[in-house]
Structures are given as structure tokens and as C-alpha cells.
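J.: The sequence shown begins at 1 in UniProt numbering and counts up by one.
Where is the CB? At the ideal position from N, CA and C, for every residue including glycine.
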Amino acid sequence: MSGARTKARTRAVEILFEAEQRGEDPVNVLERRRKNSQQLFGAYTEELVRGVQLRGPEIDEAIQTWARGWTLERMPAVDRNILRLGAWELLFNDDVPDTVAVDEAVGLAKTLSTDDSPSFINGVLGRLQGVKPMLVDLPSATIDAAAPAAPESEPRTD
Numbered sequence: 001m002s003g004a005r006t007k008a009r010t011r012a013v014e015i016l017f018e019a020e021q022r023g024e025d026p027v028n029v030l031e032r033r034r035k036n037s038q039q040l041f042g043a044y045t046e047e048l049v050r051g052v053q054l055r056g057p058e059i060d061e062a063i064q065t066w067a068r069g070w071t072l073e074r075m076p077a078v079d080r081n082i083l084r085l086g087a088w089e090l091l092f093n094d095d096v097p098d099t100v101a102v103d104e105a106v107g108l109a110k111t112l113s114t115d116d117s118p119s120f121i122n123g124v125l126g127r128l129q130g131v132k133p134m135l136v137d138l139p140s141a142t143i144d145a146a147a148p149a150a151p152e153s154e155p156r157t158d
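1. For the pair the segment 120-131 and the segment 99-107, tell me if three or more CB-CB distances fall below 8 Å.
2. Please state the DSSP three-state secondary structure of Leu135.
3. In chain order, what are the residue ranges of uninterrupted alpha helix (DSSP H) at least 4 long that sit wholly in the segment 97-132?
4. Would you kindly report the start and end of the unbroken alpha helix (DSSP H) that includes Trp88?
5. Can you give the beta carbon distance from Val52 to Leu16, rounded, assuming they're within the 8 Å contact cut?
6. Using a Cβ-Cβ cutoff of less than 7 Å, which residues in the same chain neighbour Pro118 once the five nearest sequence positions on both sides are dropped?
7. Pick from Asp95, Val29, Ala67 and Val13: whose alpha carbon is nearest that of Asn122?
8. Met75: buried (16+ other C-beta within 10 angstroms of its C-beta) or exposed?
9. Within a Cβ cutoff of 7 Å, which residues of the same chain sit near Ala8, ignoring the five residues on either side of it in sequence?
10. For a minimum of 4 consecutive residues, which ranges assigned as the alpha helix (DSSP H) are wholly contained in the segment 23-58?
11. Would a C-beta distance cut-off of 8 Å place Ala63 and Val124 closer than the cut-off?
12. Using the Cα positions of Arg34 and Val27, report the straight-line distance between them to the nearest angstrom.
13. Any idea what DSSP makes of Thr157, helix, strand or coil?
14. Would you check if the distance between the CB atom of Leu85 and the CB atom of Ala12 is smaller than 8 Å?
15. Would you please state the rounded distance, in angstroms, between the beta carbons of Glu20 and Asn81? I believe it to be under 8 Å.
See below:
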């Protein structure tokens, strides 16, 4: 995992994380970083950041629905942003095969987050991948409707 797209994903997660921590628009953070440093941001980093920003509400709804017992607020911020990036690639970027989107997100979690994060990321994105045919091209309100009811024995925290 050291190709140009992997590096773009890492930069995008860093930008999304910083934007969330500062309460700023991710595109503004991208532009500020571009101005204030010698670091070059490739087109794919920008596509990822803009894509997650544009589809943010739909992505968050999908993650919330399929994270089984986890609210977005309860997730570590790094995991939340890795999930957002992975979900965008999975649901809205047809240029990336689904398995690559999931594998890359899991790789980011191994590098950037806790020991438990890769399996958590894999589980959530794996469930999204399984229901993708029901979610793609549907209004965001149908994402929640497609979710299975929570089992009686498993309390939902959302």
C-alpha cells in the first residue's frame, strides 16, 4: 500500500480529520494546506475530499445505519473519517473496485488508528458493500429504510 492513490487517501483522511477537529469546511483546509506548504496534492486527494464533502450527509447516514450499535459520535474521529472516505469510494466512485475501497480503508486504519479499528472498518464497509445494490441511486432517505431492524437483544445507541 504505497501507491499514489494510497498516498492520496492518507492525505485526504488527514484533511478530513483536521477539518472536523477545527469545525471547518474540508475544501478550505485543503486549499489552506495547498497555499501554506510546498506539499503537492494530487487530483485524487482533491476528488476524495470534495466527494466526501459533497456526499457527507448520505455517507454519514449510511455509516450510522450499518455501524450496528455505534453512533458516529462514539466512533474515534480517525475511524469516522476513514469510514467516510471508504464509503464514498465504495458507493460513489465507480473507478475503484469495491474490494479495493474496503482494503484500502482497512489499510489506513492499520496505519492511522487503533488495533481494533481495522476489523471495525472492515465490518462496517463490508456491510455497506453487501447492501450497495440497494443503496446506489436511491434517495438518502431510503438508506435507513433498507436497514434491518435491530434485534431485540442488541440495544441500539443511535
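T.: On the basis of the coordinates in this document:
1. Per the Cβ contact rule, the segment 120-131 is in contact with the segment 99-107 (3 or more Cβ pairs under 8 Å).
2. Helix at Leu135.
3. Fully enclosed alpha helix (DSSP H) runs of 4 or longer: 98-112.
4. For Trp88, the enclosing alpha helix (DSSP H) starts and ends at Ala77 to Phe92.
5. Right, the Cβ-Cβ distance comes to about 6 Å (below 8 Å), so this counts as a contact.
6. Residues Val106, Ala109 and Lys110 of the same chain have their beta carbon placed closer than 7 Å to that of Pro118, with the five preceding and five following residues left out of the count.
7. The shortest C-alpha separation from Asn122 is found at Ala67.
8. Met75 should be labelled buried.
9. Only Gly42, Tyr44, Thr45 and Leu48 meet the Cβ criterion.
10. Runs of the alpha helix (DSSP H) inside the segment 23-58: 26-36 and 43-54.
11. Just to set this straight, residue 63 is Ile in the shown sequence, not Ala. For the 8 Å CB-CB criterion, Ile63 and Val124 form a contact.
12. For Arg34 and Val27, the distance between alpha carbons rounds to 10 Å.
13. For Thr157, the pLDDT reaches just 40, beneath the cut-off of 50, and the residue's location in the model is therefore unreliable, although a value from the coordinates is still provided. In the three-state DSSP reduction, Thr157 falls in the coil class, being neither helix nor strand.
14. Taking 8 Å as the Cβ cut-off, Leu85 and Ala12 qualify as a contacting pair.
15. Rounded, the Cβ-Cβ distance is 7 Å, consistent with contact.
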